[in-house]
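Just so you know, my numbering puts 27 at position 27 of the sequence shown, and the rest follows in order with no gaps.
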Amino acid sequence: MKEKRDLKVQAIESGTVIDHIKSGQALNVLRILGISSSFRATISFVMNAPGAGGKKDVVKIEGKELSVEELNRIALISPKATINIIRDFVVVQKNNVVLPSYVEGVVRCTNSSCISNSSEPIKSKFSVLQSEEDGVTLHCLYCEHVITEEIAENLL
């Protein structure tokens, strides 16, 4: 007989639920959102939870709705994530993150010789492409360096 699985995270009254985060990326999502131990609202996260397409992470944040910039950053590390806006315990809006075609000043170029890594007042600029599965490829518009891995570690 199959065992019943219950959701082990409490519902939130108002705020945001980020679902279908690429497995293992929940802590990077919290970092993107600037959430640390000094954040006073309730935060819940689940990592490596079973989902329809394999394992996933989920983040719930009480009292916070995300900006477009925050959504763009999340899309870079988890382009299949969904954003649910909660008000009075009800999902009032559900959206998929949208992978931007271009980002500026969001990711550090991993080419140490890139002009965006110099003392010049130049922001990094990348074109963004979604690759196979839920991968993302960034192309530096200055040096043409390609980043496909460790994007979260290079977010500014």
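Using N, Cα and C, we set each Cβ at its ideal position, and we do this for glycine too.
Do the CB positions of residue 136 and residue 103 come within less than 8 angstroms of each other?
Not a contact, by the Cβ cut-off of 8 angstroms.
Sheet register partners of residue 49 (DSSP bridge)
For residue 49, which the question treats as bridged, DSSP gives the partners 56.
Coarse secondary structure for residue 23, derived from DSSP in three states:
Under the three-state reduction of DSSP output, residue 23 falls in the coil class, being neither helix nor strand.
Three Cβ pairs or more, each shorter than 8 angstroms: is that satisfied between the region 109 to 116 and the region 80 to 97?
In this structure the region 109 to 116 does not touch the region 80 to 97; the number of beta carbon pairs closer than 8 angstroms is below three.
What are the start and end residues of the beta strand (DSSP E) that includes residue 104?
DSSP places residue 104 in the uninterrupted beta strand (DSSP E) bounded by 102 to 104.
Indicate, with yes or no, if the ligand ATP has a heavy atom lying under 7 angstroms from the CB of residue 115.
Among the ligands in the structure shown, none appear at all, so the ligand ATP cannot be discussed.
What first and last residue would you give for the alpha helix (DSSP H) that runs through residue 73?
68 to 77 is the extent of the alpha helix (DSSP H) around residue 73.
N-terminal and C-terminal residue of the beta strand (DSSP E) that residue 93 is part of:
90 to 96 is the extent of the beta strand (DSSP E) around residue 93.
What whole-angstrom Cβ distance do residue 32 and residue 138 have, given they're in contact under 8 angstroms?
The C-beta separation of residue 32 from residue 138 comes to about 15 angstroms, leaving the pair out of contact by the 8 angstroms criterion.
Candidates 147, 115, 20, 60: which alpha carbon is nearest residue 14's?
Looking at the Cα atoms, 60 is the closest of the given residues.
From 46, 51, 126, pick the residue whose C-alpha is nearest to that of residue 72; which is it?
That would be 126, whose Cα lies nearest to the Cα of residue 72.
Can you tell me whether residue 35 is helix, strand or coil according to DSSP?
Three-state DSSP puts residue 35 in coil, outside helix and strand.
Helix, strand or coil, according to DSSP, for residue 116 in the structure here?
Note: residue 116 maps to helix in three-state DSSP.
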